[in-house]
Structures are given as structure tokens and as C-alpha cells.
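Take a look at the structure set out below.
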Amino acid sequence: MFADIDECKYPEKYTCYGKCHNTIGDYECKCSLGMHGDGKVGCQGFAITTIIAVIGAVVSLVIICLLLFMILSKRRKDKNFRENGGAVLKHQRVRIFSEAELTKATDNYDDDKKIGEGGFGSVYKGVLADNTVVAVKKSKGVDKAQMNEDFQHEICVVSQVNHRNVVKLLGLCLETKVPLLVYEFISNGTLFKHIHDKRSQVLASWSNRLRIASEAALALDYLHSLADPPVIHGDVKSVNILLDDNYTAKVADFGASVLISPGQTNILANKIQGTFGYLDPEYLMTGNLTEKSDVYSFGVVLVELLTGEKPNSNAKSGNKRNFIQYFNSALENNNLFGILDFQAAGEAEMDEIEAVAELSKRCLNSIGVNRPSMKEVSEELAKLKAHNQKSWAQQNSDETEHLLGESSQSFRNNASPPTSQSQTVISFEIENYTDSM
1 MFADIDECKY PEKYTCYGKC HNTIGDYECK CSLGMHGDGK VGCQGFAITT
51 IIAVIGAVVS LVIICLLLFM ILSKRRKDKN FRENGGAVLK HQRVRIFSEA
101 ELTKATDNYD DDKKIGEGGF GSVYKGVLAD NTVVAVKKSK GVDKAQMNED
151 FQHEICVVSQ VNHRNVVKLL GLCLETKVPL LVYEFISNGT LFKHIHDKRS
201 QVLASWSNRL RIASEAALAL DYLHSLADPP VIHGDVKSVN ILLDDNYTAK
251 VADFGASVLI SPGQTNILAN KIQGTFGYLD PEYLMTGNLT EKSDVYSFGV
301 VLVELLTGEK PNSNAKSGNK RNFIQYFNSA LENNNLFGIL DFQAAGEAEM
351 DEIEAVAELS KRCLNSIGVN RPSMKEVSEE LAKLKAHNQK SWAQQNSDET
401 EHLLGESSQS FRNNASPPTS QSQTVISFEI ENYTDSM
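The numbering of the sequence shown is UniProt numbering, which starts it at 1 and goes up by one.
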């Protein structure tokens with residue numbers, strides 16, 4: 001017998017590039033898992049340990065990158081939060097939204113969700129996790145410093161305001177480079193849309209026009225007289241008057257608004273803000289923004305409601321006279337009812353329309369001190385609205401009485417002397433009715 005040699009113990013003499021297994025008189029050498037070939041000569045491919053090591057390294061790298069991204073993202077959000085005044089604003093009576101919440105609510109700011117756009121940026125319709133529908137105001141962010149200043153300014157204003165005819169600020173997001181404002185969603189769009197889209201029937205009646213004007217005036221009166229501190233809106237126009245589910249007017253967009261300190265009557269603006277066609281000419285010339293600047297702009301809205309004309313376009317007359325000249329000319333020539341955008345329902349309404357037209361003319365006085373205050377405008381419109389409602393109620397009461405009178409007369413004319421049989425039937429019906437009560 002011969003002694004068996006364990007070749008696996010002498011790899012320098014008995015080559016094996018894989019896993020060695022001793023056999024009687026010889027040895028076997030199998031390539032490692034994941035490799036192939038003759039283990040005694042050489043194996044090709046990658047060993048499973050190498051594959052696992054590579055996968056492990058890749059996974060680790062991905063995890064490190066994700067962690068790094070999350071850390072940097074949090075630092076960026078924290079930095080934005082601080083720069084956007086988060087330390088102060090988180091103590092305000094508004095909700096602080098996360099960037100993720102609003103991105104999800106607006107489907108990543110999908111264009112289909114866009115409901116408004118202007119020089120400031122865009123407004124998107126969003127639905128929060130609790131199904132609350134909101135409007136998210138997102139700035140273009142061209143000039144971060146300026147945008148942040150405008151944001152702080154708007155927050156400063158809207159945080160002071162609480163009125164049923166003013167759009168309510170629900171919250172804000174401070175994690176983005178330029179902050180986002182979240183307002184209640186107003187479903188029926190702008191007053192401008194309903195005035196100039198002739199398919200809309202909201203303003204078909206004078207009573208609706210008068211009511212909406214009165215509600216908007218009430219909001220502006222609140223801003224001037226009851227807000228603490230008082231607020232000059234600075235950009236009153238029909239686009240910034242929204243209509244909710246019940247077509248109640250709500251004043252919106254305080255990007256151009258200013259707060260008035262005690263004793264202040266005007267603000268010297270660094271730059272003229274507002275919308276051409278609605279701007280107070282005195283403000284344009286002097287740069288002094290006053291409460292009477294809002295009064296002038298509201299006067300333009302009243303004329304817009306009366307005539308259906310756009311303030312920044314030439315009027316129906318076809319000549320080059322502007323919107324205000326067109327209106328004033330109609331008043332001077334006793335042609336007010338020739339330029340109306342609707343039909344007056346009666347003499348009472350015609351008197352109310354004339355009163356609103358005269359009020360509009362006073363609001364549009366080129367000299368600010370000669371214009372009425374918003375309180376005076378609001379009170380006058382409230383009286384006219386009450387008169388309109390009373391007239392409507394009286395008219396409906398008269399019509400009802402007239403119809404009842406006609407019905408009674410018709411019954412008497414058509415009735416014949418009852419026979420004993422018909423008397424029995426009538427008596428029976430009355431008894432049955434009495435029993436059922």
C-alpha cells in the first residue's frame with residue numbers, strides 16, 4: 001500500500017485556482033461560484049465574494065449620497081426658513097406648510113392647476129391632504145432680495161386683516177428660496193371675468209352688480225378705517241375682486257399694499273405700483289399713495305360695472321377719448337342709460353343707477369381731497385343696496401297681491417250658485433282639510 005498525499009496542502013506544487021478537494025491518488029479543483037474553467041489551469045469570471053463586495057460598495061455609495069442629499073436639503077430648507085423670517089412668522093396665527101405638502105397639493109405645480117398669472121408669478125389651485133382646496137401664490141423669484149421684501153410686506157399686511165369680504169391667508173411655506181403664500185380658494189373667479197365674459201349671467205341684474213360693489217366697498221372701508229394699523233390696498237381693480245361660491249365679493253392681492261402709521265396720511269412710494277387704467281393720476285404725478293388713491297381706483301371699478309368697458313381700452317364711441325372721458329361725457333350729455341351694460345328693471349333701479357354713476361364721478365375727481373372717503377362710499381352703496389332690496393320685496397309683494405286678486409275675481413266670475421249637492425261636496429272637502437291639519 002502507498003500513503004496518499006493530500007495535494008491540497010501543497011498549493012505551490014499542486015496548483016488550484018478554485019476550491020481544492022483531495023481524492024485518493026489525486027485532487028480536484030473546482031472554480032469558485034460565479035466562475036468557470038479548469039481550476040488547475042485557471043478560472044474565468046467574477047467570484048461571488050467579489051460581486052457581493054461590489055454590490056455592497058454601490059449600495060453604500062447610494063445610501064451615502066441619499067443621506068448627503070437629505071442633509072444638504074434640510075440645511076437649504078433651514079437656511080431659507082431663517083432668511084424668510086421663520087423665527088418670527090412661526091409665531092403668527094398662520095399655518096406653516098412644508099415644501100413637500102404644497103408640491104403634492106399642486107401636482108408639482110402642474111400647468112393645468114394654474115389659475116392666475118402676473119408680474120409677481122403664478123397662482124395654482126391645490127388640494128391639501130385633508131381635502132381643503134387652496135390657492136398657492138408662487139413668485140417667479142427673479143430677484144430673490146426683492147421677492148423676499150415683497151413677501152415680507154404682503155405677510156405684514158394680510159396678517160393684520162380679518163374680514164368676510166377679504167380673501168383669507170391660510171398659511172405660508174418658508175422652505176423654498178422665495179416663500180409661498182397659501183390663500184383660501186375662491187371658486188367663481190374674478191369680477192373682471194364676469195364683467196367682460198358676456199356668457200356669464202352673474203351680473204345680468206342690477207341688484208347683483210350693486211351688491212358686489214357694496215361688498216367690495218365694505219372691505220376697502222374696513223382696510224382704511226378699522227384695520228389696525230390701517231391699510232392702503234394700492235391695486236384696487238376688478239381682477240383683484242373675487243367671487244366665492246355664493247358670489248360674495250372678496251378683495252384680494254396685497255402685494256402693492258402699505259400699512260399706515262398713526263398720524264400718517266400718505267406714503268411716498270419708491271416706485272409706482274398698480275395697474276394702468278386704475279391708477280390715481282395724482283399718485284402718478286406726485287408718487288404720494290393715499291387712501292384716496294384706492295377711492296379713485298374703486299371709482300374706475302364702479303364705471304366698469306356700469307358700462308362693461310375695460311379701463312385700459314378705448315371706449316365704444318370709437319374715438320380716442322379714454323375710458324373716464326367716455327363715461328363723463330355720457331353723464332354730461334344725459335346719455336348714461338345709453339352706455340349701460342345691462343337693462344334697468346324699473347324706475348327705482350334707474351334712480352339707483354344714476355346715484356351710483358354720480359358717486360363714481362365723485363370718486364374719479366382728479367384732486368384727491370375732493371373725493372369721498374371709502375367710508376362715505378361704502379355707506380352710500382349700503383343705503384342704495386338696502387333700497388334696492390326693499391324695492392324688490394315691495395315689487396314681489398305687489399305682484400303676489402295682484403295675482404291673488406285676479407285669482408279671486410276669476411273664481412267669483414266663474415262660480416255658479418251651489419246646488420245642495422255641490423254644497424255637500426264643499427262642506428266635505430273643508431272638513432277633510434281641517435282633519436288633516
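Even glycine gets a Cβ: it sits at the ideal position worked out from N, Cα and C.
Residue i in three-state terms, based on DSSP
| i | result |
| --- | --- |
| Thr-190 | strand |
| Ala-57 | helix |
| His-163 | coil |
| Phe-337 | helix |
| Val-157 | helix |
| Ile-96 | strand |
| Asn-288 | strand |
| Phe-411 | Residue confidence is low: Phe-411 scores 49 on pLDDT, short of 50, so the model does not pin down where it sits. No coordinate-derived value is stated. |
| Lys-198 | coil |
| Ala-3 | coil |
| residue 438 | Outside the shown range of the chain, which is 1 to 437, sits residue 438, and nothing can be said about it. |
| Gly-274 | coil |
| Tyr-183 | strand |
| Ser-205 | coil |
| Lys-385 | helix |
| Leu-174 | coil |
| Ala-135 | strand |
| Glu-117 | strand |
| Tyr-109 | coil |
| Lys-168 | coil |
| Lys-104 | helix |
| Gly-308 | coil |
| Leu-279 | coil |
Inter-residue CB distance, residue i and residue j (contact presumed, cutoff 8 Å)
| i | j | result |
| --- | --- | --- |
| Leu-242 | Ile-212 | Leu-242 to Ile-212, Cβ: 10 Å. No contact. |
| Val-134 | Leu-128 | 6 Å |
| Leu-364 | Ile-339 | Between Ile-339 and Leu-364 the Cβ distance is about 15 Å, and since that is not below 8 Å, they are no contact. |
| Ser-98 | Cys-43 | 55 Å between Cβ atoms; not a contact. |
Nonlocal neighbours in the same chain, by C-beta distance under 8 Å from residue i, ignoring five residues either side
| i | result |
| --- | --- |
| Glu-431 | Any reading at Glu-431 needs caution, since the residue's pLDDT is 37, under 50, leaving its predicted position unreliable; the model's value is listed next. Once the five neighbours on either side are set aside, Glu-431 has no close Cβ partner at all. |
| Ile-186 | Ala-135, Val-167, Leu-242, Leu-243, Asp-244, Lys-250, Ala-252 |
| Tyr-247 | Asn-188, Val-202, Asn-208, Ile-212 |
| Ala-355 | Glu-380, Leu-384 |
| Ser-200 | Lys-193, His-194 |
| Val-88 | Note that Val-88 scores a pLDDT of 49, beneath 50, so its modelled location is shaky; the value from the coordinates is reported in the next line. Around Val-88: no qualifying Cβ. |
| Pro-281 | Tyr-296, Ser-366 |
Selected residue, minimal CA-CA separation from residue i, among the options
| i | options | result |
| --- | --- | --- |
| Leu-387 | Glu-354, Cys-363, Glu-349, Leu-359 | Per the sequence presented here, residue 387 reads as His, with Leu not at that position. Selected option, being the one with the closest Cα: Glu-349. |
| Ser-373 | Pro-11, Asn-334, Asp-294, Ile-353 | Asp-294 |
| Ala-227 | Leu-172, Trp-206, Val-158 | Val-158 |
| Ala-344 | Leu-306, Leu-364, Glu-379 | Leu-306 |
| Lys-342 | Ile-267, Glu-154, His-194, Ala-3 | According to the sequence as given, residue 342 is Phe; it is not Lys. Among Ile-267, Glu-154, His-194, Ala-3, the Cα nearest to that of Phe-342 is on His-194. |
| Ala-256 | Asn-240, Tyr-247, Glu-99 | Asn-240 |
| Lys-292 | Gly-368, Gly-45, Cys-156 | Gly-368 |
| Lys-361 | Gly-308, Lys-385, Glu-376, Tyr-296 | Tyr-296 |
| Leu-259 | Gly-234, Gly-287, Pro-229, Lys-237 | Pro-229 |
| residue 455 | Ala-217, Glu-175, Gly-308, Tyr-247 | Any property of residue 455 remains undetermined from this structure, which presents the chain solely from 1 to 437. |
| Ile-115 | Tyr-183, Lys-13, Ala-219 | Tyr-183 |
| Ala-3 | Pro-11, Tyr-14, Thr-23 | Thr-23 |
| Ile-48 | Met-35, Ala-57, Asn-131, Glu-304 | Met-35 |
| residue 439 | Val-94, Arg-371, Asn-162, Gly-45 | Outside the shown range of the chain (1 to 437) lies residue 439, about which nothing can therefore be said. |
| Asn-165 | Val-300, Gly-346, His-21, Tyr-222 | Tyr-222 |
| residue 439 | Asp-107, Glu-175, Val-58 | Nothing about residue 439 can be read from this structure; the chain reaches only from 1 to 437. |
| Leu-210 | Cys-156, Glu-304, Phe-254, Glu-117 | Glu-304 |
| Ser-225 | Lys-271, Tyr-14, Lys-375, Ile-5 | Lys-375 |
| Leu-359 | Phe-298, Gly-346, Asp-111 | Phe-298 |
| Glu-215 | Ala-382, Tyr-10, Asp-6, Pro-11 | Ala-382 |
| Asp-112 | Leu-102, Ala-100, Gly-126 | Gly-126 |
| Lys-390 | Arg-75, Ile-63, Glu-352 | Glu-352 |
| Ala-105 | Glu-117, Ile-96, Ser-205, Asp-130 | Asp-130 |
Cut-off 7 Å between Cβ atoms - residues of its own chain near residue i, not counting five sequence neighbours on either side
| i | result |
| --- | --- |
| Lys-138 | Tyr-109, Gly-121, Ser-122, Tyr-124, Leu-180 |
| Asn-312 | Phe-276, Gly-277 |
| Ser-317 | With a pLDDT of 48 at Ser-317, under the threshold of 50, the predicted position of this residue should be treated as unreliable, and no value is reported. |
| Leu-289 | Ile-232, Gly-234, Val-258, Asn-266, Ile-267, Ala-269, Tyr-283 |
| Gly-39 | Cys-16, Tyr-17, Gly-18, Cys-29, Lys-30, Cys-31 |
| Ala-357 | Leu-306, Leu-331, Leu-336 |
| Ile-51 | Gly-34 |
| Tyr-27 | Glu-7, Cys-8, Tyr-14, Cys-20, His-21 |
| residue 456 | The structure shown does not extend to residue 456, since the chain spans only 1 to 437, so no value can be given for it. |
| Gly-346 | none |
Proximal residues to residue i (C-beta, below 6 Å), its chain only, five neighbours per side dropped
| i | result |
| --- | --- |
| Lys-237 | Thr-275, Tyr-278 |
| Val-377 | Ala-217 |
Enumerate, from N- to C-terminal direction, the unbroken beta strand (DSSP E) stretches of 3 or more residues contained entirely within the stretch 211-266. 241-243, 249-251
Which whole runs of the beta strand (DSSP E) in the stretch 6-45 are 3 residues long or more, in chain order? 19-23, 26-30
4-residue-minimum alpha helix (DSSP H) runs that sit fully inside the stretch 335-378, ordered along the chain: Listed in chain order, the complete alpha helix (DSSP H) runs (minimum 4 residues) inside the stretch 335-378 are 347-363.
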